[in-house]
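Chains as they are written, first to last, in this note's numbering: chain A, 132 to 325; chain B, 132 to 325; chain C, 132 to 325; chain D, 132 to 325.
4 protein chains.
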Amino acid sequence: MTTRDKIKAVAMTHFAKGGYEGTPLSAITKEVGVTTPAVYAFFGSKEELFLSIFEDVLKNHYHSVKEAIEEAKSGTVEQRLYQILRGAFTYHVSHEEETIFYKRAMMFPPAPLEDKLKERFGETEGMLTGEILTLLTEGIETGVIDDRPIEDLLDGFLCLMDGLFLQMFYYDEKKYEQKLHNIWKLFWSGIAGS
Amino acid sequence: MTTRDKIKAVAMTHFAKGGYEGTPLSAITKEVGVTTPAVYAFFGSKEELFLSIFEDVLKNHYHSVKEAIEEAKSGTVEQRLYQILRGAFTYHVSHEEETIFYKRAMMFPPAPLEDKLKERFGETEGMLTGEILTLLTEGIETGVIDDRPIEDLLDGFLCLMDGLFLQMFYYDEKKYEQKLHNIWKLFWSGIAGS
Amino acid sequence: MTTRDKIKAVAMTHFAKGGYEGTPLSAITKEVGVTTPAVYAFFGSKEELFLSIFEDVLKNHYHSVKEAIEEAKSGTVEQRLYQILRGAFTYHVSHEEETIFYKRAMMFPPAPLEDKLKERFGETEGMLTGEILTLLTEGIETGVIDDRPIEDLLDGFLCLMDGLFLQMFYYDEKKYEQKLHNIWKLFWSGIAGS
Amino acid sequence: MTTRDKIKAVAMTHFAKGGYEGTPLSAITKEVGVTTPAVYAFFGSKEELFLSIFEDVLKNHYHSVKEAIEEAKSGTVEQRLYQILRGAFTYHVSHEEETIFYKRAMMFPPAPLEDKLKERFGETEGMLTGEILTLLTEGIETGVIDDRPIEDLLDGFLCLMDGLFLQMFYYDEKKYEQKLHNIWKLFWSGIAGS
DNA sequence: CATGAATGAGGGTTCATTCAT
DNA sequence: TATGAATGAACCCTCATTCAT
Chain A
132 MTTRDKIKAV AMTHFAKGGY EGTPLSAITK EVGVTTPAVY AFFGSKEELF
182 LSIFEDVLKN HYHSVKEAIE EAKSGTVEQR LYQILRGAFT YHVSHEEETI
232 FYKRAMMFPP APLEDKLKER FGETEGMLTG EILTLLTEGI ETGVIDDRPI
282 EDLLDGFLCL MDGLFLQMFY YDEKKYEQKL HNIWKLFWSG IAGS
Chain B
132 MTTRDKIKAV AMTHFAKGGY EGTPLSAITK EVGVTTPAVY AFFGSKEELF
182 LSIFEDVLKN HYHSVKEAIE EAKSGTVEQR LYQILRGAFT YHVSHEEETI
232 FYKRAMMFPP APLEDKLKER FGETEGMLTG EILTLLTEGI ETGVIDDRPI
282 EDLLDGFLCL MDGLFLQMFY YDEKKYEQKL HNIWKLFWSG IAGS
Chain C
132 MTTRDKIKAV AMTHFAKGGY EGTPLSAITK EVGVTTPAVY AFFGSKEELF
182 LSIFEDVLKN HYHSVKEAIE EAKSGTVEQR LYQILRGAFT YHVSHEEETI
232 FYKRAMMFPP APLEDKLKER FGETEGMLTG EILTLLTEGI ETGVIDDRPI
282 EDLLDGFLCL MDGLFLQMFY YDEKKYEQKL HNIWKLFWSG IAGS
Chain D
132 MTTRDKIKAV AMTHFAKGGY EGTPLSAITK EVGVTTPAVY AFFGSKEELF
182 LSIFEDVLKN HYHSVKEAIE EAKSGTVEQR LYQILRGAFT YHVSHEEETI
232 FYKRAMMFPP APLEDKLKER FGETEGMLTG EILTLLTEGI ETGVIDDRPI
282 EDLLDGFLCL MDGLFLQMFY YDEKKYEQKL HNIWKLFWSG IAGS
């Protein structure tokens, strides 16, 4: 593992835990075992370091969602929707710090980077929303989902995702997995066709 | 409005937007129209200022939820559960910055205050959870809610709350109000007794 | 005891322990039970407060030495010289903080007050030196002290005083009293006429 | 001379003259020709800078005394005791500021460093006391010193040292040298065997 | 690629002091 | 006489960054 990669890896966990402003470069380099100016051999500034990590995280996030969707191509609508949740979260649960970094960057971006970051979020979200809409529509058409306004269903699903997202902060992996299952059952019985 | 209160008010919006580490006292005092050391006439430190605001926000949050619960004492179980959501969120929507402050402090507490903050969160949450449990139990006993493990129902409701909480970031008041209503319908039809 | 006097008393112990620069007014007023600006009701500045205490201490020091000299008017030369040491030090031992204040002000005066302080030291010292010289001369003339250059004897006596002064820092009252006696015996046998 | 050493050298004279609390880092760095944060490239804090200087001074003090003792190994007991005084003081006289620093740190240590400093003093003093005791005992055994309680003799010698120490503040080198000699003669004739 | 030295800017905090009350 | 509010100056220290090596 190169110094550059070590810096990025360590920086990510620090930015996740302490935020951009709350993390001095010295905290990162100290853990890497290198002096602070070493950062400037690879990154133009602290901002660039952050941005570089951010791009990686975004890419990973995007791929994990995409993968989850593709893995679930062959089940019932319920299974496939559930798989989206499960897929995204198994990834996140196994990359906890990356997830926290992502969420933090999304919800509370460092002031000087705000614009750049917000720009980049839309894309991934768009892809995800599209896929969910497709599934919900299919569900309605095949009758497994109640015939309500599609937007309401989408809102509900996204709300569910957000709630589950937040709850990852409170529970450990095992508990979380179970809760995820239970909550999904509840939600499904709310939208399932009668 | 006293200087002390001005400082707290301005500080809250700054802490909400920029976070604890991202907000120098000078940014606050400059907006208040006072020099930085003036803060120390009222608060022992930056931490204490933050904590003082935090206590207020927590208290307000607590009261708004409590009020909502009490206002709905005479309705059906569904109405009362919904009222908990609505009450909390009408308050939060009309106090946007306070809500952001609250959420940020909860999700990403400044490192040196983490312990103190988490402690205080527990108490408020506990009260809320207690009330919800009571309502859910009553709902099951009267048959308006399906007879499932009470914990699953609670998890679902809390997940819903969290999700709605997060979504407040994306939508404006009007849209949010509507979404809240729709999502609730979805959720309720998932747990309602058949 | 008036507030003014309380301030002076408390300030003296603080200046003695922590020095002028090491003692904030707040430390003094806190112990007195008053707010800091109260000092300015009685003293024009921190410097003036210090100077006011200094004058008192100097006066007390002067009187204690004078008293010791007068009390010993009727003994042998040895008794009277010893009395000067004993008198000065019984006073100092029973006013420990005042002594420390005095010594500190003398040896390491606060920079902005240096000139004023040094000016005032000479007087007291002069009186003391005069009296000692008189006694030593009398001792030589009466043969109880060896006939050496008077200045050497004076230097020896002053060196003894200084040494004893310093040693007050190390020992408690009882031990000190005994050491004083022993050391005097040694010194006297060094200058006594044979 | 490295910047680090320059800082230490300049700091020592400032701490000697103005004391720890009375010397801002800026005063030191300004004289060195460097900005204040440069101090932190070499020392962790103002306290550490002080401590670092203190260790040097202590070591020098220790060595100078030790050297004086060893240089005088071949003389009479009187010569060797005198040499301890002379050796220590020729060093101190030629390193005036170091001496003032030493004395100030010993008598009025900066409050936050008091414990650490006092601890370190004991060690050096212990070595010195041991050597003096050996010499005094030898003197008694060979009859050149009167047979008194050894502790009284030690107290007297230490009191003499302290007195001479204090007097260094008042006189210049030449005068001091002469006084040292005279006072020693006096002291020696007080303890010398008859 | 990485360091040690150094800096400019700024951060939180303390402190003596002022002033209206 | 004494206070609470407020300030200007200064202090110690941190941090991102530069640069010669």
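Ideal Cβ placement from N, Cα and C applies to all residues, glycine included.
Since the model is a prediction, treat every value here as computed from it, not as a measurement.
Cut-off 6 Å between Cβ atoms - residues of its own chain near F146(C), not counting five sequence neighbours on either side | T154 and F232
Flag this pair as yes or no: are the beta carbons of S183(A) and A219(A) separated by less than 8 Å?
-> no
Could you check where the alpha helix (DSSP H) with T144(B) kicks off and where it finishes?
-> T134 to G149
Locate the alpha helix (DSSP H) running through G218(B), then write down its first and last residues.
-> V208 to S225
Helix, strand or coil at L323(D) according to DSSP, with G and I counted as helix | Note that residue 323(D) is Ala in the sequence shown here, rather than Leu. Of the three classes helix, strand and coil, the one that applies to A323(D) here is strand, per DSSP.
Can you tell which of G149(A), K204(A), P243(A) and C290(A) has the C-alpha that lies nearest to the C-alpha of S176(A)?
-> P243(A)
Candidates A203(B), G149(B), Y171(B) and V224(B): closest to F300(B) by CA position = V224(B)
If you check the beta carbons only, do D277(B) and G324(B) fall under 8 Å apart?
-> yes
Starting from R235(D), find everything on chain C with Cβ-Cβ shorter than 9 Å and list it in chain order.
-> Residues of chain C passing the Cβ test: M238 and F239.
Amino acids of chain A, ordered along the chain, whose beta-carbon sits closer than 8 Å to that of S205(B) | Neighbours of S205(B) on chain A: none; closest Cβ ~26 Å, over 8 Å.
Alpha-carbon to alpha-carbon, L264(C) and K217(D) | Looking at the sequence provided, one finds Arg at residue 217(D) rather than Lys. Taking the straight line from one Cα to the other gives about 27 Å.
What does Q210(A) reach in chain B if we use C-beta pairs closer than 9 Å?
-> Contact annotation for Q210(A) against chain B: no contact, minimum CB-CB distance about 18 Å [criterion: below 9 Å].
Would E250(B) count as contacting chain A if we go by Cβ distances under 8 Å?
-> Not an interface residue.
Kindly list the residues whose CB is nearer than 7 Å to the CB of A236(D), restricted to its own chain and excluding five residues on each side of it in sequence; keep chain order.
-> F185 and L248
Just by C-beta distance, which residues in the region 136-151 of chain B are closer than 7 Å to chain A?
-> G149 and G150
Flag A242(C) as yes if its beta-carbon sits less than 8 Å from any beta-carbon of chain D, otherwise no.
-> yes
Integer-rounded CB distance, given that F181(C) should sit under 8 Å from Y151(C) = The distance from the Cβ of Y151(C) to that of F181(C) is about 6 Å, consistent with a contact at the 8 Å cut-off.
Determine, using beta carbons only, whether I99(A) comes closer than 8 Å to chain B.
-> The structure shown has nothing for residue 99(A), since chain A only spans 132 to 325.
Closer than 8 Å by C-beta to V188(D): which residues in its own chain qualify, once you throw out the five before and the five after it? Chain order, please.
-> M143, E229, F232, Y233 and A236
Would a check of beta-carbon distances place D74(B) closer than 8 Å to chain A?
-> In the structure as shown, chain B begins at 132 and stops at 325. Residue 74(B) is therefore absent and cannot be evaluated.
With C-beta atoms as the reference, is G149(D) less than 8 Å away from L317(C)?
-> no
Own chain, CB closer than 8 Å to G287(C), minus 5 neighbours either side, in chain order = F318, G321 and I322
Please name the residues in the region 290-306 of chain B whose beta-carbon is closer than 8 Å to at least one beta-carbon of chain A, in chain order.
-> C290, L291, M292, D293, G294, L295, F296, L297, Q298 and F300
Proximal residues to Q210(D) (C-beta, below 8 Å), its chain only, five neighbours per side dropped | A203
CB contact below 8 Å: F348(A) versus chain B = Outside the displayed span of chain A (132 to 325) sits residue 348(A), for which this structure offers no information.
Look at V163(A) and K137(A) and say whether their C-beta atoms are less than 8 Å apart.
-> Cβ distance < 8 Å, so V163(A) and K137(A) count as in contact.
Grab me the residues of E269(A)'s own chain with a C-beta within less than 6 Å of its C-beta, minus the 5 sequence neighbours each way, in chain order.
-> V208
To the nearest whole angstrom, what separates the beta carbons of L295(B) and L267(B), a pair I think is in contact under 8 Å?
-> 17 Å between Cβ atoms; not a contact.
With 16 other Cβ atoms within 10 Å as the buried cut-off, status of M292(D) = buried
Grab the span of the alpha helix (DSSP H) containing G294(C) for me, first residue to last.
-> I281 to Q298
Output the distance between the C-alpha atoms of K310(C) and D283(D), rounded to the nearest integer angstrom.
-> Cα to Cα, K310(C) sits roughly 7 Å from D283(D).
Euclidean distance between Cα positions of A158(B) and L212(B) = 41 Å
To the nearest angstrom, how far is it from the Cα of K190(B) to the Cα of T255(B)?
-> 9 Å
Relative to the alpha-carbon of E198(D), which residue among P241(D), L259(D) and T160(D) has its alpha-carbon at the smallest distance?
-> L259(D)
By Cβ distance, which residues of its chain are closer than 7 Å to R251(A), with the 5 residues on each side in sequence left out?
-> Here the set comprises L189.
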